[in-house]
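Chains as they are written, first to last, in my numbering: chain W, 1 to 371; chain E, 1 to 371.
2 protein chains.
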Amino acid sequence: MNIGILGAGQLGRMLALAGYPLGNRFTLLDTTGNPSAGIGEVIVDPDNQHLAAFLDAVDVVTYEFEHLPVALVEEIERHKPVYPSSRAIAVCQNRVEEKALFDRLSIPTPAYRVASSAEELEAAAAELGCPVVAKSVTEGYDGKGQAVLKSPEQAHEAWAQIGHAQLIVEAFVDFVREVSIIAVRGRDGQVVFYPMAENQHEGGILRYSIAPLPDLDDAVQQTADSYIRALLDELDYVGVLALELFQTRDGALLANEMAPRVHNSGHWTMDGAVTSQFENHLRAIQGLPLGVTRALAPTCMLNVIGREGDYPKMLEIKETHLHCYDKTEREGRKLAHVNVLADDYADLLAKVEACADALPGMPAPRWSFTP
Amino acid sequence: MNIGILGAGQLGRMLALAGYPLGNRFTLLDTTGNPSAGIGEVIVDPDNQHLAAFLDAVDVVTYEFEHLPVALVEEIERHKPVYPSSRAIAVCQNRVEEKALFDRLSIPTPAYRVASSAEELEAAAAELGCPVVAKSVTEGYDGKGQAVLKSPEQAHEAWAQIGHAQLIVEAFVDFVREVSIIAVRGRDGQVVFYPMAENQHEGGILRYSIAPLPDLDDAVQQTADSYIRALLDELDYVGVLALELFQTRDGALLANEMAPRVHNSGHWTMDGAVTSQFENHLRAIQGLPLGVTRALAPTCMLNVIGREGDYPKMLEIKETHLHCYDKTEREGRKLAHVNVLADDYADLLAKVEACADALPGMPAPRWSFTP
Numbered sequence: 001m002n003i004g005i006l007g008a009g010q011l012g013r014m015l016a017l018a019g020y021p022l023g024n025r026f027t028l029l030d031t032t033g034n035p036s037a038g039i040g041e042v043i044v045d046p047d048n049q050h051l052a053a054f055l056d057a058v059d060v061v062t063y064e065f066e067h068l069p070v071a072l073v074e075e076i077e078r079h080k081p082v083y084p085s086s087r088a089i090a091v092c093q094n095r096v097e098e099k100a101l102f103d104r105l106s107i108p109t110p111a112y113r114v115a116s117s118a119e120e121l122e123a124a125a126a127e128l129g130c131p132v133v134a135k136s137v138t139e140g141y142d143g144k145g146q147a148v149l150k151s152p153e154q155a156h157e158a159w160a161q162i163g164h165a166q167l168i169v170e171a172f173v174d175f176v177r178e179v180s181i182i183a184v185r186g187r188d189g190q191v192v193f194y195p196m197a198e199n200q201h202e203g204g205i206l207r208y209s210i211a212p213l214p215d216l217d218d219a220v221q222q223t224a225d226s227y228i229r230a231l232l233d234e235l236d237y238v239g240v241l242a243l244e245l246f247q248t249r250d251g252a253l254l255a256n257e258m259a260p261r262v263h264n265s266g267h268w269t270m271d272g273a274v275t276s277q278f279e280n281h282l283r284a285i286q287g288l289p290l291g292v293t294r295a296l297a298p299t300c301m302l303n304v305i306g307r308e309g310d311y312p313k314m315l316e317i318k319e320t321h322l323h324c325y326d327k328t329e330r331e332g333r334k335l336a337h338v339n340v341l342a343d344d345y346a347d348l349l350a351k352v353e354a355c356a357d358a359l360p361g362m363p364a365p366r367w368s369f370t371p
Numbered sequence: 001m002n003i004g005i006l007g008a009g010q011l012g013r014m015l016a017l018a019g020y021p022l023g024n025r026f027t028l029l030d031t032t033g034n035p036s037a038g039i040g041e042v043i044v045d046p047d048n049q050h051l052a053a054f055l056d057a058v059d060v061v062t063y064e065f066e067h068l069p070v071a072l073v074e075e076i077e078r079h080k081p082v083y084p085s086s087r088a089i090a091v092c093q094n095r096v097e098e099k100a101l102f103d104r105l106s107i108p109t110p111a112y113r114v115a116s117s118a119e120e121l122e123a124a125a126a127e128l129g130c131p132v133v134a135k136s137v138t139e140g141y142d143g144k145g146q147a148v149l150k151s152p153e154q155a156h157e158a159w160a161q162i163g164h165a166q167l168i169v170e171a172f173v174d175f176v177r178e179v180s181i182i183a184v185r186g187r188d189g190q191v192v193f194y195p196m197a198e199n200q201h202e203g204g205i206l207r208y209s210i211a212p213l214p215d216l217d218d219a220v221q222q223t224a225d226s227y228i229r230a231l232l233d234e235l236d237y238v239g240v241l242a243l244e245l246f247q248t249r250d251g252a253l254l255a256n257e258m259a260p261r262v263h264n265s266g267h268w269t270m271d272g273a274v275t276s277q278f279e280n281h282l283r284a285i286q287g288l289p290l291g292v293t294r295a296l297a298p299t300c301m302l303n304v305i306g307r308e309g310d311y312p313k314m315l316e317i318k319e320t321h322l323h324c325y326d327k328t329e330r331e332g333r334k335l336a337h338v339n340v341l342a343d344d345y346a347d348l349l350a351k352v353e354a355c356a357d358a359l360p361g362m363p364a365p366r367w368s369f370t371p
């Protein structure tokens with residue numbers, strides 16, 4: 001089966017690497033003019049001239065980036081199956097629709113308001129109680145298009161800085177940690193869940209994910225499973241879905257946002273789980289049985305951001321796995337990640353610190369648990 | 001680092017798949033006119049016109065097939081580093097040199113003679129005691145160029161059938177099982193060993209490999225380690241070396257042959273070991289630290305020969321991993337392999353039988369042990 005991917009960055013690259021062993025071939029459609037995947041047939045199409053050729057080449061279409069014009073995806077759906085569907089994209093690329101879906105499915109979220117002017121932003125900030133986070137409704141990615149308001153008086157400045165017609169304003173959550181759940185739904189409706197990960201961001205960019213969590217109550221995993229299952233079934237979803245959540249001091253989960261694709265917080269599964277999220281996404285979209293999601297060992301993923309790490313030094317550390325994206329260095333750019341496995345969490349955290357030392361500018365890890 | 005591979009079949013394909021995550025790019029030189037790798041830059045060069053372009057493109061050269069003209073490899077070595085070296089190729093492609101090296105390093109082998117005529121073959125058969133196996137000294141691969149003599153009188157017929165100027169004649173060994181050891185030597189001389197595998201052939205083609213072995217005495221693994229270490233050090237070898245052995249009823253090991261490359265009996269490591277043989281070969285040849293060779297679980301590899309299997313059925317079986325080579329079907333052709341993992345050997349053997357049922361023409365597995 002020839003798989004078409006909209007986008008030709010590191011997620012497309014890792015999908016292709018997972019799919020060759022399944023006998024797949026890949027055609028990647030790049031609209032940026034700057035593809036980095038370095039694998040498969042890459043159609044560079046910044047002026048949107050080659051969609052027909054792309055569609056001719058492929059049997060099924062998926063994507064690595066959900067901020068695509070919905071009309072384009074609907075057009076593609078008229079010719080070839082697209083998984084996840086345009087409906088998933090439409091919901092996931094719009095924070096208002098996403099929150100409305102969470103509400104409809106009784107998935108708790110932080111308190112929020114929608115603001116369509118600086119005045120409404122100011123009123124929302126006052127009502128929710130500062131600090132609040134204001135986010136553009138569309139095109140948010142990796143912390144761009146966001147602002148934190150420490151008082152309602154900052155509303156006009158924040159409104160101008162973000163520069164969007166509509167914002168979501170969210171109350172700050174006193175969370176213990178950020179976590180995520182990744183699940184996969186097959187074309188036959190079968191659903192499998194990965195163990196939840198704890199994620200550490202800095203500057204809006206993911207730095208560390210660790211899974212499974214040594215102190216996670218089974219009931220919390222089951223709650224997360226039930227939330228993401230509700231989303232998958234409601235959207236008649238096919239493929240990998242990621243849901244980011246806050247865990248509060250009392251253990252409760254509040255949904256933050258979701259992504260209709262393979263997700264950075266699931267990269268640990270490439271070495272730490274029986275079947276990676278990439279392979280399971282591909283199995284799902286081509287109607288194959290889904291693979292086992294069990295974790296093999298305590299695993300931590302470290303993102304390499306902006307500058308390459310000292311990889312020989314990191315590979316000296318036992319049971320580390322390198323995943324380079326073959327990109328040039330640029331501030332804030334995701335260049336690679338490293339997965340570290342260990343027999344126990346004390347050993348894992350020691351190895352992670354050693355890896356972090358080999359990564360320029362990597363913030364120190366902060367974990368919510370002590371092993 | 002751009003890695004050049006001589007050959008563009010499934011071993012080159014799997015090397016490339018293991019190397020992209022290390023940040024490598026690949027240029028594969030195919031001299032057959034019929035490459036199947038389907039990945040990397042493939043230079044199709046049946047008339048040997050493009051060696052200079054290949055050498056310009058790459059930083060280091062390796063190969064997936066040792067039956068290459070030694071003069072060609074020596075020529076390449078004058079321009080770029082080649083691992084393993086032309087000396088390893090020269091030894092491994094010539095059974096007389098290989099046996100002489102085993103003898104020199106006190107690695108036991110079945111009793112053997114060299115025959116340069118039908119008369120010498122007849123005399124060797126009489127001396128060793130029939131049955132004997134006669135093998136062409138060069139270009140043997142997957143059971144081609146071999147004959148079994150049940151009596152010395154068959155010598156003339158066997159000589160004519162094999163049609164080579166020199167043969168190795170080997171006494172039959174009353175072995176319990178065929179096993180193999182795979183080891184990796186780095187550019188700094190570091191050596192790591194994989195757990196030994198038991199291999200089942202039919203018609204000269206590998207069908208099953210299982211590792212680690214539940215009934216293998218540590219001392220036997222250490223003996224195999226010492227044999228292959230002697231070979232690696234003697235050849236100042238860099239990369240993966242595979243050594244096939246017979247294990248006799250009393251537990252002793254007799255060397256059969258070796259291959260200076262990633263090896264079919266090591267494909268189980270792709271899912272069953274912390275670091276695959278492919279990644280470790282690439283780490284070795286570019287001077288990176290070698291990865292951990294520990295097995296993750298009891299693992300069995302099944303080769304898919306001649307006709308594709310029922311992959312959806314096989315992927316229904318938990319913890320199976322498919323590795324397709326994207327080739328067209330042809331009798332005796334290696335098309336794919338499947339790795340099956342399990343918690344224990346009883347479970348593993350049951351799953352292997354279920355997988356074998358989904359493979360047309362697969363012989364039933366026969367194991368030397370009962371779980």
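Cβ coordinates follow ideal geometry from the N, Cα and C atoms, glycine included.
Which residues does DSSP list as the beta-bridge partners of residue 320(W)? 340(W)
Helix, strand or coil for residue 313(W), going by three-state DSSP, please let me know. helix
Identify the contact partners of residue 326(W) in chain E, using a Cβ-Cβ distance below 8 angstroms as the criterion. 20, 23, 25
Does residue 79(W) come out as helix, strand or coil in the three-state DSSP assignment? coil
Are the beta-carbon atoms of residue 277(E) and residue 266(E) separated by less than 8 angstroms? yes
What are the start and end residues of each continuous alpha helix (DSSP H) run of 4 or more residues lying completely inside the segment 69-151 of chain E, in chain order? 70-77, 86-92, 95-104, 118-128
Measuring straight from C-alpha to C-alpha, what distance separates residue 128(E) and residue 74(E)? 37 angstroms
Give the single residue among 67(E), 2(E), 153(E), 102(E) whose Cα lies nearest to the Cα of residue 80(E). 2(E)
Specify the secondary structure class of residue 263(W) as computed by DSSP and reduced to three states. coil
Candidates 201(W), 250(W), 231(W): which alpha carbon is nearest residue 88(W)'s? 231(W)
Taking only beta carbons into account, state which residues of the segment 32-48 of chain E come closer than 8 angstroms to chain W, listed in chain order. 38, 39
Taking 7 angstroms as the cut-off, is the C-beta of residue 77(E) nearer than that to any heavy atom in the ligand MG? This structure simply doesn't include the ligand MG, nor any ligand for that matter.
Along the chain, where does the alpha helix (DSSP H) that runs through residue 53(W) open and close? 51-57
Check whether the Cβ atoms of residue 20(E) and residue 17(W) sit closer than 8 angstroms, and answer yes or no. yes
Residue ranges of each beta strand (DSSP E) run of no fewer than 3 residues wholly in the segment 203-253 of chain W, ordered along the chain? 205-211, 239-248
Take the Cβ of residue 148(W) as the centre, count every other Cβ of all protein chains shown within 10 Å, and call the residue buried at 16 or more, exposed below. exposed
Nearest to residue 109(E) by CA position, among 95(E), 117(E), 341(E), 183(E), is which residue? 95(E)
Locate the alpha helix (DSSP H) running through residue 2(E), then write down its first and last residues. Per DSSP, residue 2(E) belongs to no alpha helix (DSSP H); it is in the beta strand (DSSP E), 2-6.
Got a sec: is the Cβ-Cβ distance from residue 338(E) to anything in chain W below 8 angstroms? no
Exposed or buried, residue 271(E), counting other C-beta atoms within 10 Å across all chains shown (16 or more means buried)? buried
Beta strand (DSSP E) containing residue 64(E): first to last residue? Run containing residue 64(E): none; DSSP gives neither H nor E here.
Just checking: is the beta-carbon of residue 127(E) within a distance shorter than 8 angstroms of some beta-carbon in chain W? no
Against residue 292(E), what residues of chain W qualify as contacts under a CB-to-CB distance less than 8 angstroms, listed in chain order? 318, 319
Do residue 7(E) and residue 326(E) have their beta-carbon atoms positioned less than 8 angstroms apart in this structure? no
Applying the 10 Å Cβ sphere with the 16-neighbour rule, what's the burial state of residue 283(E)? buried
Helix, strand or coil for residue 154(E), going by three-state DSSP, please let me know. helix
For residue 114(E), collect the residues of the same chain with a Cβ closer than 7 angstroms to its Cβ; drop the 5 residues on either side in sequence, then sort them by chain order. 96, 166, 168
Which of the three DSSP states is assigned to residue 308(E) in this structure? coil
Where the segment 236-249 of chain E meets chain W: residues whose CB sits under 7 angstroms from a CB there: none
Does residue 274(W) come within less than 8 angstroms of chain E when only Cβ atoms are used? yes
If you measure from the beta carbon of residue 81(E) to each beta carbon in chain W, is any gap under 8 angstroms? no
So residue 373(W) and residue 339(W) are supposed to be a Cβ contact under 8 angstroms. How far apart are they, rounded? As shown, chain W starts at 1 and ends at 371. That puts residue 373(W) outside it, with no answer to give.
Ends of the alpha helix (DSSP H) at residue 369(W)? Per DSSP, residue 369(W) belongs to no alpha helix (DSSP H) and is neither H nor E.
Per DSSP, which residues does residue 26(W) bridge with? Please list them. 3(W)
Would residue 236(E) be called buried (16 or more neighbouring beta carbons within 10 Å of its own) or exposed? exposed
Using a Cβ cut-off of 9 angstroms, pull out every chain E residue sitting near residue 283(W), in sequence order please. 315
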